[in-house]
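Chemist: Let me begin by handing over the structure; questions about it come next.
As structure tokens, then:
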């Protein structure tokens with residue numbers, strides 16, 4: 148696991164500490180966490196067993212890393228939340244990463260760690276554009292707005308009363324610098340009254356890492 152800093156910008160009012168487990172170097176490349184793509188399941192066409200296996204892979208890393216994050220940040224307790232999917236109305240078979248976060252919470256609670264399941268504390272009610280689709284996809288209309296400052300507040304319901312004054316570990320599958328989806332979500336949690344937000348992603352996009360042999 149590695150530590151990094153998400154720097155303040157037009158989407159985020161101040162720097163945020165982040166952690167990630169491994170690099171995302173490109174789908175199909177050796178060592179790349181392709182299972183994170185599997186969990187997106189855009190066409191709801193992936194076999195349930197494949198989805199469960201992919202979700203388990205993601206959860207295994209989070210179960211390993213989140214206690215280390217809490218220790219490094221001196222946290223006695225934290226709410227674990229997942230960055231919401233970009234589209235509203237997705238079915239459970241498209242929410243495998245959210246399920247992995249829930250699995251992580253249950254496993255850590257069983258180990259005695261003081262973590263709270265906050266996966267339902269934020270809910271996407273209006274679809275936004277899927278930013279990981281860099282090219283058009285046949286038979287799929289990628290509707291919705293591109294990221295802009297405040298898009299999370301505009302397109303999501305957030306349970307302010309559940310997070311006010313609390314410490315949040317906000318979790319995403321892949322962090323990509325300059326996309327600003329995660330930055331905006333962090334800011335929305337602060338706007339909702341969170342005392343502190345720590346960010347964690349399973350993977351950090353670095354397509355040059357594969358070329359370097361990392």
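Numbering (the working numbering), first residue to last: 148 to 361. The beta-carbon is built from N, C-alpha and C at its ideal position, and this holds for glycine as well.
1. On the three-state DSSP scale, how would you describe residue 280?
2. Let's see if you can read the secondary structure: which residues bound the alpha helix (DSSP H) around residue 165?
3. With H, G and I counted as helix, E and B as strand and the rest as coil, what does DSSP make of residue 174?
4. Would you say the stretch 262-279 touches the stretch 226-246, given that touching needs at least three Cβ pairs under 8 Å?
5. What's the C-alpha gap between residue 215 and residue 177?
6. Looking at the secondary structure, which residues open and close the alpha helix (DSSP H) in which residue 255 lies?
7. Leaving out five residues on either side along the sequence, give the residues of the same chain with a beta carbon under 7 Å from the beta carbon of residue 294.
8. Identify, in the order they occur along the chain, each residue of the same chain with its Cβ nearer than 6 Å to the Cβ of residue 351, setting aside the five sequence neighbours on each side.
Modeler: This is what the structure holds:
1. With a pLDDT of 49 at residue 280, under the threshold of 50, the modelled position of this residue cannot be trusted, and the question is left open.
2. Not the alpha helix (DSSP H): residue 165 falls in the beta strand (DSSP E), residues 163-171.
3. Three-state result, residue 174: coil.
4. Flag = yes, the stretch 262-279 and the stretch 226-246 touch.
5. If you take the alpha carbons of residue 215 and residue 177, they lie about 26 Å apart.
6. It spans 243-257 - the alpha helix (DSSP H) in which residue 255 sits, taken as one unbroken run.
7. If you ignore the 5 residues before and after residue 294, its C-beta comes within less than 7 Å of the C-beta of 278, 326, 327, 328 and 331, all in its own chain and listed in chain order.
8. Sequence-distant Cβ neighbours of residue 351 in its own chain, meaning closer than 6 Å and more than five residues away, are 167, 170 and 322.
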